[in-house]
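Colleague: Pasting a structure below so you can have a look.
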Amino acid sequence: MRALVSYEPGGPDTLRLASLPDPVPASGQLLVSIAACGVNFPDLLMIQDLYQVKAPRPFAPGAEIAGTVVALGEGISGFKVGDRVAARCGTGGMAEMIAIDAARCTKIPDTMPFRDAAAFQFTYETAYYALVTRGRLKQNETVLVLGAAGGVGSASIQVAKALGARVVAATSSEEKLAFALSQGADHGLVYQLDKESEDPKKELARAMKVAVGRTGADLIIDPVGGFAVEPAMRCAAEGARYLILGFTAGIAAMPMNLPLLKSCDVLGINWRTFTLEQPLQSAANRAQLLEFYAARKIAPAITATFALEEGQAAISAFKDRSVLGKIVVLIAG
Ligand SMILES: NC(=O)c1ccc[n+]([C@@H]2O[C@H](COP(=O)([O-])OP(=O)(O)OC[C@H]3O[C@@H](n4cnc5c(N)ncnc54)[C@H](OP(=O)(O)O)[C@@H]3O)[C@@H](O)[C@H]2O)c1
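Residue numbers (our numbering): 548 to 880.
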């Protein structure tokens, strides 16, 4: 099979298109012919050895896939050859085939295109886990989404709206803000720090407060970190939940008086661990998301697709901070 392979740590240009032996499914595994692979920011971190999980080399990046079951390992029940599935694979997605534990696979509806299914796990399940399981989102609460035009950001907007929240989007450009509004956000702002200002973080906090409104943000979805943390925390409502999802802008230090003053819960979100340690709750979340999808309340905003041999460019878009919504690599079918 063909695969885009990382043989050494480095940026997207270190990936090589290679011909590898077809994988053989072990006991408890399915062999899946991959039709599409969703691309995510962590793929960029994985290939540089900067992610919290390190994969043994050589490996193909790509953490979420959709495709067709073509063979079964021993002891499989509940799946058959020909089933259409989506799977959380961590790595190995940018390849023509994968042997993967059946426990990581979910059957998908016949009407769901592979490209949607491949873009439906990482960001949506993270958003739902953050907003609902950890964030205890209630109807009519206000959610501030940072990095709102990205994968996690746009999924968070859609899921929060499906759950009846009011959503305020923060992005780094007017183009990204327009995209976030097209995903259902009610309001928004461009959140650049003004380098000329005497206190740029407080100034940004003031702009965020205007966008969020007088009562403040009940939930803050933060896949960005860095410069945005303190301003976002300053516009938290009394009793807010600050959800730490990622650090695309760097790991920030938080003035610890702020959560105290706001009676704010600061919650670390680790969706990967949740899927492994709480598989039943994780499956229930996935089922709810599929219901929202069937009811057309949410749908991945796939703004670019790439062929397998263009996978380097797909991952480079995350490095360039240029991704709108989701990017998918199309492999077969
Ligand atoms: N905790 C979890 O369980 C979990 C699960 C999935 C993903 N994540 C994390 O969530 C984050 C977002 O992932 P994603 O796939 O949604 O990525 P993405 O589509 O690239 O979105 C990330 C956003 O971060 C913002 N950003 C700020 N500074 C940046 C920089 N220097 N470089 C790149 N982006 C920058 C960008 O928005 P602006 O340009 O508008 O600022 C961008 O839209 C990643 O850190 C990822 O590891 C965490």
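From the three backbone atoms N, C-alpha and C, an ideal C-beta is built for every residue, glycine too.
Give the C-beta separation of Tyr671 and Ala702 to the nearest angstrom, bearing in mind that I take them to be a contact with Cβ-Cβ under 8 Å.
Modeller: Counting from one through the sequence shown, the residue named residue 671 turns up at place 124. Counting from one through the sequence shown, the residue named residue 702 turns up at place 155. Indeed they touch by this definition, with Cβ atoms about 5 Å apart.
Colleague: Below 8 Å, how does it come out for the region 596 to 606 and the region 576 to 583: are there three or more Cβ pairs, yes or no?
Modeller: Touching, no, given that fewer than three Cβ pairs across the two stretches are closer than 8 Å.
Colleague: Within the present structure, is the beta-carbon of Arg788 separated from the nearest heavy atom of ligand 1 by less than 7 Å?
Modeller: In the sequence shown, the residue the question calls residue 788 occupies position 241. Not under cutoff, so the answer is no.
Colleague: Compare the beta carbon distance of Ala732 and Gly763 with 8 Å and say whether it is the shorter of the two.
Modeller: If you number the sequence shown from 1, residue 732 lands on position 185. If you number the sequence shown from 1, residue 763 lands on position 216. No.
Colleague: Taking 7 Å as the cut-off, does the CB of Gly793 come closer than this to any heavy atom belonging to ligand 1?
Modeller: Here residue 793 refers to the residue found at position 246 of the sequence shown. It does: the Cβ of Gly793 is within 7 Å (strictly closer) of some heavy atom of ligand 1.
Colleague: Any heavy atom of ligand 1 inside 7 Å of the beta-carbon of Ala796?
Modeller: As a position in the sequence shown, residue 796 is number 249, starting the count at 1. At least one heavy atom of ligand 1 is nearer than 7 Å to the Cβ of Ala796, so yes.
Colleague: Find the nearest neighbour of Asp746 within the set Ala727, Phe774 and Arg549, judged by alpha-carbon distance.
Modeller: By 1-based counting over the sequence shown, the position of residue 746 is 199. Checking every option, the nearest Cα to that of Asp746 belongs to Phe774.
Colleague: Helix, strand or coil: which one does DSSP assign to Thr670?
Modeller: On the sequence shown, position 123 is the one that residue 670 refers to. In this structure, Thr670 counts as helix in the three-state DSSP scheme.
Colleague: Compute every distance between the C-beta of Ser566 and the non-hydrogen atoms of ligand 1, then say whether any falls below 7 Å.
Modeller: As a first step, residue 566 must be located in the sequence shown, where it is residue number 19. Ser566 Cβ: outside cutoff for every heavy atom of ligand 1.
Colleague: Looking at the structure shown, is Leu597 part of a helix, part of a strand, or coil, going by DSSP?
Modeller: Taking the sequence shown and counting its residues from 1, the one referred to as residue 597 is at position 50. The answer is coil: DSSP assigns Leu597 none of H, G, I, E or B.
Colleague: Alpha carbon to alpha carbon, how far is Pro556 from Thr718?
Modeller: The residue labelled residue 556 in the question sits at position 9 within the sequence shown. The residue labelled residue 718 in the question sits at position 171 within the sequence shown. Taking the straight line from one Cα to the other gives about 30 Å.
Colleague: I'd like the list of long-range same chain contacts for Leu710, defined as Cβ closer than 8 Å, with 5 residues on each side in sequence excluded.
Modeller: Taking the first residue of the sequence shown as position 1, residue 710 is located at position 163. Contacts found: Leu678, Val679, Leu684 and Gln686.
Colleague: Skipping 5 residues on each side, what residues in its chain have a beta carbon closer than 7 Å to that of Met593?
Modeller: Within the sequence shown, residue 593 is the residue found at index 46, counting from 1. Taken in chain order, the residues that qualify are Ala602, Pro608 and Thr638.
Colleague: Taking the alpha carbon of Leu805 as the reference point, which residue from Asn817, Gly786, Phe821 and Ala664 has its own alpha carbon closest?
Modeller: For the purposes of this step, residue 805 is taken as the residue at position 258 of the sequence shown. Considering only alpha carbons, the answer is Gly786.
Colleague: Taking C-alpha atoms, which residue in Arg868, Gly858 and Ala830 lies nearest to Gln668?
Modeller: Start at 1 with the first residue of the sequence shown, and residue 668 comes out as number 121. Of the candidates Arg868, Gly858 and Ala830, the one whose C-alpha sits nearest the C-alpha of Gln668 is Ala830.
Colleague: Is the CB of Met659 under 8 Å away from at least one CB in chain C?
Modeller: The structure shown contains no chain C; it is built from a single protein chain.
Colleague: Quick one: is Leu836 buried, meaning 16 or more other Cβ sit within 10 Å of its Cβ, or exposed?
Modeller: Your numbering for residue 836 matches position 289 in the sequence shown. With 16 or more other Cβ atoms within 10 Å, it is buried.
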